[in-house]
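In this text, residue positions in the sequence shown follow the numbering used here: the first is 1, and each later residue adds one.
Here's the structure, in structure tokens; my notes come after.
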Amino acid sequence: MDSESVEEAPVAPRAGLKSGETLITEGKAGIIFPSANEVFYNPVQEFNRDLTGAQCVCWGVLGELEEDPAEEEEEEEEEEEGVVSLSENEEESKPGQDREAERSPDTRTGHCEEAQSRERERTARVGECCEEGLRILEGLAASGLRSIRFAKEVPGIRSVTANDFSARAVELIKRNVEHNEVEGLVTPSHADASMLLYAARGKKDRYDVIDLDPYGSPAQFLDAAVQAVSEGGLLCVTCTDMAVMAGNSAETCYSKYGSISTKARFCHEMALRIILHSLDQRANCYQRYIQPLLCVSVDFYIRVFVRVFTSQAQVKNCASKQALVYNCVGCGTFHLQRMGKRINQGNHMKYSAAIGPPVGPSCEHCGQRHQLGGPLWAEPLHDLGFVERVLSGVSRNPKRFATSSRIQGVLSMVTEELPDVPLYYTLDTLSSTIHCNTPSLLQARSAFLHAGFRVSLSHACKNALKTDAPPSAVWDIMRCWEKKNPVKREKLSETSPAFRILSTEPILQACFDIREDANPKSRKQHLKRFQENPEANWGPKARAKAGGGISVALEERRKQLQNKRKNRSEETKRLKSFPCKKLRQGTCVLGEECHYSHEQKKEGEEEEEGGEKME
1 MDSESVEEAP
11 VAPRAGLKSG
21 ETLITEGKAG
31 IIFPSANEVF
41 YNPVQEFNRD
51 LTGAQCVCWG
61 VLGELEEDPA
71 EEEEEEEEEE
81 EGVVSLSENE
91 EESKPGQDRE
101 AERSPDTRTG
111 HCEEAQSRER
121 ERTARVGECC
131 EEGLRILEGL
141 AASGLRSIRF
151 AKEVPGIRSV
161 TANDFSARAV
171 ELIKRNVEHN
181 EVEGLVTPSH
191 ADASMLLYAA
201 RGKKDRYDVI
211 DLDPYGSPAQ
221 FLDAAVQAVS
231 EGGLLCVTCT
241 DMAVMAGNSA
251 ETCYSKYGSI
261 STKARFCHEM
271 ALRIILHSLD
281 QRANCYQRYI
291 QPLLCVSVDF
301 YIRVFVRVFT
311 SQAQVKNCAS
321 KQALVYNCVG
331 CGTFHLQRMG
341 KRINQGNHMK
351 YSAAIGPPVG
361 PSCEHCGQRH
371 QLGGPLWAEP
381 LHDLGFVERV
391 LSGVSRNPKR
401 FATSSRIQGV
411 LSMVTEELPD
421 VPLYYTLDTL
431 SSTIHCNTPS
441 LLQARSAFLH
451 AGFRVSLSHA
461 CKNALKTDAP
471 PSAVWDIMRC
481 WEKKNPVKRE
491 KLSETSPAFR
501 ILSTEPILQA
511 CFDIREDANP
521 KSRKQHLKRF
531 QENPEANWGP
541 KARAKAGGGI
551 SVALEERRKQ
561 LQNKRKNRSE
571 ETKRLKSFPC
581 KKLRQGTCVL
591 GEECHYSHEQ
601 KKEGEEEEEG
611 GEKME
């Protein structure tokens, strides 16, 4: 996201604004925001909000990101509004088109006029209430920015509920709704998000779109959310607790999502698959299941868009969609073990437990042990047909969103990913394992393609390689690369993964000649796939507080932790004023390198210290 995409300027007090408040403009919405940290807002997540708006337009009523044809003449004066057609899709209208040819010219003319009239009546515009449109719930709305943008940018909306548990946030939502003149579409709500979702479990009360973007983990809202979304409805979930989901706290990850996370280079894609597993498992309790539309890992968070359906028969397939992952701690080789097994027996399916494990007690390549992670979602992360529709719509109207260039880059990478290959390797990890130089991206991709395997990049990691090649073929390619760039074998320990891997001769002879199809289209076109840091301290912001403001202690702590390794030498100088306890015991052998003082104190000083202790 460009740092200039969000305008933020302090405004003098006037009608609608109080002293110390700021007017923030994002998309078509203008948000009144207090300078104190009473209500949460992060400008870096504009990409998140833009992507959600594009998803809702393309999914909600099978519309597209089109401009209003009735306002083409005023394009230079005013930005055109979005229009969505609520008519039947093309496939359903084809039989009617065949019958049209059999009618007389007069009958066809009259019928066409009626059809055109109905088409005009069933067209939804941005900002207008559509009785057949979407009911949207933003469970944790904060300032209401996302809800207001829904109302002002997404056509075909029936109502938007902007809910928050904070009374201060709800008060701000009401002011922002009035400021943007969307009272007819956006309804502020002051309630606990879980209770509000549980109250909407009835079929007539369910929401078509539920958006959950909490501060941290969404785990406490997932059970209610999968029940409150309508049949085939859209559930949008954001997770910012990436430290938990990326393997730093495996036990916490299990308590929240029912899955063990591992510290591996594919941790960001694994985080996506963990949240999908959690959603599907909770939906299964109510005879429901999920269908992912788009799942992305960007910046410091992950974002998933899934549809939720009800089917007792389909729920039986869900066990075979989950898998455990065996990850070698030595060389990074991984294997997936499905949780369930299904066999097609003609008119019915037979379900049974899977057979495993796929690995032995130690890794066959380096001899190290395996870490066990999961369960996780092992099916495709994206609906490529839907992603291409969103990408096509954004490409046709790039001025609609401030982050359109990045949306196009990320979605282009998503369409290039191998959909049936979970997780990935990284070039630097493969090379560092055998202590050799790293091949270029094109050389590595060409080697896999020459060997007859499929290979792609991943939007979740810049130097990732997703491939259907077995681990033995991956290491054969790396052994061939090491022969071209030899390492000093005499310096390798006989128990190291590098020594054991390189001790085996490659069966597959790799070719590293650059192929034309090795360079993906998104890379050739120089699309914005991985953005640079948009601003200083651009990561997760501090949690909003009832009184507002960030505590002085937190600011001081931030300053102390910055460059802590560089400033360590100054801190150790202070330790020289304290005597070394190990020297007194006769066990300190560091001499002048010791951080504590080795100077012997005089007898008078020691007696004075002893007297003070006695007193």
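Virtual Cβ for every residue (Gly too), placed ideally from N, Cα, C.
Among the options, nearest to residue i - alpha-carbon criterion
i      : options                           : result
LYS28  : LEU427, ALA354 and ARG49          : ARG49
THR504 : ARG479, SER493, SER496 and GLU490 : ARG479
ARG206 : LEU234, THR238 and GLY367         : LEU234
LYS174 : ARG158, ALA193, ALA354 and ILE148 : ILE148
ASN248 : LYS263, GLY586 and LEU423         : LYS263
ARG135 : SER230, ILE507, CYS511 and VAL226 : SER230
PHE165 : ASN344, GLU171, VAL154 and ALA191 : ALA191
VAL304 : VAL209, SER311, SER255 and PHE334 : VAL209
GLN291 : GLY156, HIS382, VAL589 and ILE32  : HIS382
GLY515 : SER440, GLU490 and ARG282         : The sequence as given places Arg at residue 515; Gly does not occur at that position. The option with the nearest alpha carbon to ARG515 is SER440.
TYR425 : ALA464, GLY409 and GLU178         : ALA464
CYS366 : VAL44, LYS488, LEU430 and THR587  : LEU430
ASN307 : GLY258, VAL237, THR25 and ALA246  : Reading off the sequence, residue 307 comes out as Arg, not Asn. That would be VAL237, whose Cα lies nearest to the Cα of ARG307.
LEU509 : PRO497, VAL44, HIS268 and GLY452  : According to the sequence shown, residue 509 is Gln rather than Leu. The shortest Cα separation from GLN509 among PRO497, VAL44, HIS268 and GLY452 belongs to GLY452.
PHE386 : ILE32, GLU26 and VAL57            : VAL57
SER432 : LYS152, ARG454 and GLY332         : GLY332
ALA193 : ALA228, LYS152, LYS582 and MET413 : ALA228
ALA378 : HIS335, CYS588 and GLU131         : HIS335
SER278 : GLY258, SER395 and ALA162         : GLY258
ALA498 : VAL329, GLY156 and THR52          : VAL329
SER159 : GLU128, HIS179 and VAL44          : GLU128
GLY409 : THR25, PHE47, MET349 and GLU269   : PHE47
LYS18  : ILE32, ILE24 and GLY202           : ILE32
SER458 : GLU269, ASN397 and LYS582         : GLU269
ARG523 : ASN485, SER412, ASP513 and CYS461 : SER412
GLU364 : LEU51, CYS461, PRO470 and ALA444  : PRO470
LEU293 : ARG400, ALA444 and PRO380         : PRO380
Cutoff 6 Å; reference residue i; Cβ partners in own chain excluding five residues on either side
i      : result
LEU575 : HIS595 and TYR596
PRO214 : LEU140
ALA319 : MET339 and GLY340
PHE266 : LEU423 and TYR424
SER456 : GLU416, GLU417, LEU418 and LYS466
GLU21  : ILE32 and PRO34
SER392 : none
Chain-order list of residues whose beta-carbon lies under 7 Å from that of residue i (same chain, five-residue window excluded)
i      : result
ASN519 : LEU442
SER352 : LYS341
GLU599 : none
LEU384 : THR415 and PRO419
TYR289 : ASP280, ALA283, PHE309, SER311, GLN314, VAL315 and CYS318
GLU76  : Note that GLU76 scores 38 on pLDDT, short of 50, meaning its location in the model is unreliable and no value can be drawn from it.
ASP517 : LEU449
Beta-carbon proximity list for residue i, same chain, < 8 Å, skipping 5 on both sides
i      : result
GLN97  : Confidence at GLN97 is low in this model, with a pLDDT of 39, below 50, so the placement of that residue should be treated as unreliable; the coordinate-derived value is given next. Here the set comprises nothing.
VAL244 : SER217, THR252, CYS253, LYS256 and SER261
ALA115 : In this prediction, ALA115 has a pLDDT of 48, which is less than 50 and means its spatial position is unreliable; nothing more can be read from the coordinates.
GLU592 : HIS598
GLU482 : ILE434, CYS436 and LEU502
GLN337 : ALA323, LEU324, VAL325, TYR326, ALA354, GLY356, PRO357 and PRO358
SER577 : SER597
GLN287 : THR310, SER311, GLN312 and VAL315
CYS580 : CYS588, CYS594, TYR596, SER597 and HIS598
Test: residue i CB closer than 8 Å to a CB of chain D
i      : result
CYS295 : Here there is only one protein chain, and chain D is not present.
CB-CB length for residue i against residue j, believed under 8 Å
i      : j      : result
LYS466 : GLU388 : Not a contact, Cβ separation roughly 19 Å.
VAL182 : LYS152 : 6 Å
ASP211 : THR52  : 7 Å
Would you check if the segment 187 to 206 and the segment 138 to 149 touch, i.e. whether three or more CB-CB distances between them fall below 8 Å? yes
Do three or more CB pairs link the segment 430 to 449 to the segment 462 to 480 at distances below 8 Å? yes
Continuous beta strand (DSSP E) assignments of at least 3 residues falling wholly in the segment 241 to 302: 288 to 298
Tell me whether the segment 273 to 290 and the segment 371 to 379 touch, counting them as touching only if at least three CB pairs, one residue from each stretch, are closer than 8 Å. yes
Would you be able to state if there are at least three C-beta pairs under 8 Å between the segment 178 to 195 and the segment 145 to 159? yes
What are the complete beta strand (DSSP E) segments, minimum 3 residues, inside the segment 307 to 389? 322 to 328, 334 to 338, 340 to 345, 348 to 353 and 370 to 377
Across the segment 401 to 414 and the segment 315 to 329, are there enough close Cβ pairs to call them in contact, namely three or more that are closer than 8 Å? Touching, no, given that fewer than three Cβ pairs across the two stretches are closer than 8 Å.
Would you mind listing the alpha helix (DSSP H) stretches within the segment 459 to 521 that are 4+ residues and don't spill past its ends, in chain order? 471 to 484 and 497 to 502
Are the segment 216 to 232 and the segment 292 to 302 in contact at 8 Å, needing three or more beta carbon pairs? no
Please list the segments of the alpha helix (DSSP H) lying wholly inside the segment 391 to 423, counting only runs of 4 or more residues, in order along the chain. 404 to 416
Write down every uninterrupted run of the beta strand (DSSP E) in the segment 130 to 195 whose length is 3 residues or greater and which is fully enclosed by it, in chain order. 157 to 164 and 186 to 190
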